[in-house]
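Numbering (the working numbering), first residue to last: 24 to 305.
Positions of the beta carbon are idealized from the N, C-alpha and C atoms, including for glycine.
Predicted model only: the values in this text are computed from it and were never measured.
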């Protein structure tokens, strides 16, 4: 065997060892930081028996927290889907002054801590805040109420829709839209009949991510909600309070439910990502 061949084989062995080492580290990471806590939650949740599960999920506070969480998530997803598509359209189709600034602002929720978002909302809507006189005159309570919880959740969730749709719009181009307008379609008709069907998988991908983010939000919501039991308490806030009050079985059962929903959403995200890749490859 020549020296060159030996060097090639040695290099190949080193690469295999490096790949094996990285794969082992990844498996250990998933096992220790993800699977082990999840299995622990499952064990503690089911250890109490089905009677405890029934008592937990029939608790009016848990039911109200679930209803409030779903309500906030539904409003958030609706607003982020509509507003996110509009912003994505502006970024992908229009070339206007301030476009780069808008593009940077879209990513602001990724860079800012949710706690900071909550504090900013608190300062804006608290007594003496910039928007407090306006909403007080209208008789609308924003802070320590559902409106503030919805607003901060929308702010944190909207980048997912924008970043899911912008690449699809840019990949799509404008040829089909221009052809539709040439045939007499209005801009609105062109959007709903041509553009929307082509971006649907990217939009659904962003919506799924936005849903997951809204369901699991706690930092910003904790600041602006007041965490009033049976009134302004989402499922994540209920879990936090249950742990603080040493009611671990209830906390783990609710956490397990959220984890199951998150796994379902993750499955949908992967499905939408796969369909989007197939649409792009055509």
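- For the region 224-281, list the beta strand (DSSP E) runs that are entirely contained and at least 3 residues long, ordered along the chain. For the region 224-281, not a single whole beta strand (DSSP E) run of length 3 or above is found.
Could you tell me which of 90, 230, 73 sits nearest to residue 293, measuring between CA atoms?
Here residue 293 is taken as the residue at index 270 of the chain shown, counted from 1. Distances from the CA of residue 293 to each of 90, 230, 73 were compared; the closest alpha carbon is that of 230.
Sequence ranges, alpha helix (DSSP H) only - wholly within the region 108-159, length at least 4: Considered as a whole, the region 108-159 harbours 122-129, 131-134, 137-148 as its complete alpha helix (DSSP H) runs of no fewer than 4 residues, in chain order.
Limits of the unbroken alpha helix (DSSP H) element including residue 193 = To locate residue 193, count along the chain shown from 1; it is residue 170. Unbroken alpha helix (DSSP H) run through residue 193: 169-195.
Exercise for the section: Using alpha carbons as the reference points, say which of 222, 275, 178 lies closest to residue 295. Expected result: Position 272 of the chain shown, counting from 1, holds the residue named residue 295. That would be 222, whose Cα lies nearest to the Cα of residue 295.
Check: When you compare each of 114, 271, 96, 168 to residue 235 by their alpha carbons, which one comes out closest?
Finding: As a first step, residue 235 is located in the chain shown; it is residue number 212 there, counting from the start. Closest in alpha carbon position to residue 235, among 114, 271, 96, 168, is 96.
Worksheet entry | Member of 51, 146, 193 whose CA lies at the smallest distance from the CA of residue 115 | For the purposes of this step, residue 115 is taken as the residue at position 92 of the chain shown. For residue 115, the nearest C-alpha among the options comes from 193.
Is it right to say residue 91 is buried, meaning 16 or more other beta carbons lie within 10 angstroms of its own, or is it exposed? Residue numbering aside, residue 91 sits at position 68 when the chain shown is read from its first letter. So residue 91 counts as buried.
Please report the residue range of the alpha helix (DSSP H) in which residue 198 lies. The sequence position of residue 198 within the chain shown is 175, counting from 1. Element bounds for residue 198: 198-205.
* Rounded Cβ spacing between residue 167 and residue 249 (contact assumed at less than 8 Å) -> On the chain shown, residue 167 is found 144 positions in, with the first residue counted as 1. On the chain shown, residue 249 is found 226 positions in, with the first residue counted as 1. Indeed, because the Cβ distance is near 4 Å, the residues count as touching under 8 Å.
Suppose you measure from the CA of residue 244 to the CA of residue 186; what does that come to, to the nearest Å? Translated into the one-based positions of the chain shown, residue 244 becomes position 221. Translated into the one-based positions of the chain shown, residue 186 becomes position 163. Looking at the backbone, the Cα of residue 244 and that of residue 186 are separated by about 23 Å.
**Message:** Judging by CA-CA distance, which residue of 280, 88, 138 is the nearest neighbour of residue 253?
**Reply:** For the purposes of this step, residue 253 is identified with residue 230 of the chain shown, where counting begins at 1. Among 280, 88, 138, the Cα nearest to that of residue 253 is on 88.
Stretch-stretch touch, CB-based, cutoff 8 Å, three pairs: the region 98-114 with the region 157-167: Judged by Cβ distances under 8 Å, the region 98-114 makes no contact with the region 157-167, as fewer than three pairs qualify.
### Query
Near residue 218, what residues of its chain come up, given a Cβ to Cβ distance below 7 Å and the 5 sequence neighbours on each side ignored?
Here residue 218 is taken as the residue at index 195 of the chain shown, counted from 1. 200, listed in sequence order.
Exercise for the section: Determine the direct distance from the alpha carbon of residue 220 to that of residue 213, and round the result to whole angstroms. Expected result: Start at 1 with the first residue of the chain shown, and residue 213 comes out as number 190. Start at 1 with the first residue of the chain shown, and residue 220 comes out as number 197. Rounded to whole angstroms, residue 213 and residue 220 show a C-alpha spacing of 10 Å.
* Asked: Helix, strand or coil for residue 44 per DSSP?
  -> As a first step, residue 44 must be located in the chain shown, where it is residue number 21. Helix at residue 44.
I need the DSSP call for residue 93, collapsed to helix, strand or coil. Here residue 93 refers to the residue found at position 70 of the chain shown. Of the three classes helix, strand and coil, the one that applies to residue 93 here is helix, per DSSP.
Exercise. Going by the CB atoms, is the gap between residue 246 and residue 111 shorter than 9 Å?
Worked result: Residue 111 sits at position 88 when you count from the first residue of the chain shown. Residue 246 sits at position 223 when you count from the first residue of the chain shown. It is not a contact, given that the beta carbons lie outside the stated cut-off.
| message | Please state the DSSP three-state secondary structure of residue 77. | response | Translated into the one-based positions of the chain shown, residue 77 becomes position 54. It is helical.
Q: Could you name the residues of the same chain whose beta carbon sits closer than 8 Å to that of residue 67, not counting the 5 residues immediately before and after it, in chain order?
A: Here residue 67 refers to the residue found at position 44 when the chain shown is read from its first residue. The beta carbon of residue 67 sits closer than 8 Å to those of 271, 272, 275, all from its chain and outside the five residues before and after it, given in chain order.
Do you know whose CA, among 241, 262, 283, lies nearest residue 79's CA? For the purposes of this step, residue 79 is taken as residue 56 along the chain shown, with counting starting at 1. Closest option to residue 79, judged by alpha-carbon separation, among 241, 262, 283: 262.
On the three-state DSSP scale, how would you describe residue 310? Examination of residue 310 is not possible in this model, given that the chain is present from 24 through 305 alone.
- Task: Assuming residue 182 contacts residue 132 (C-beta within less than 8 Å), just tell me the rounded distance between them.
- Result: The residue you call residue 182 lines up with position 159 of the chain shown. The residue you call residue 132 lines up with position 109 of the chain shown. Indeed they touch by this definition, with Cβ atoms about 5 Å apart.
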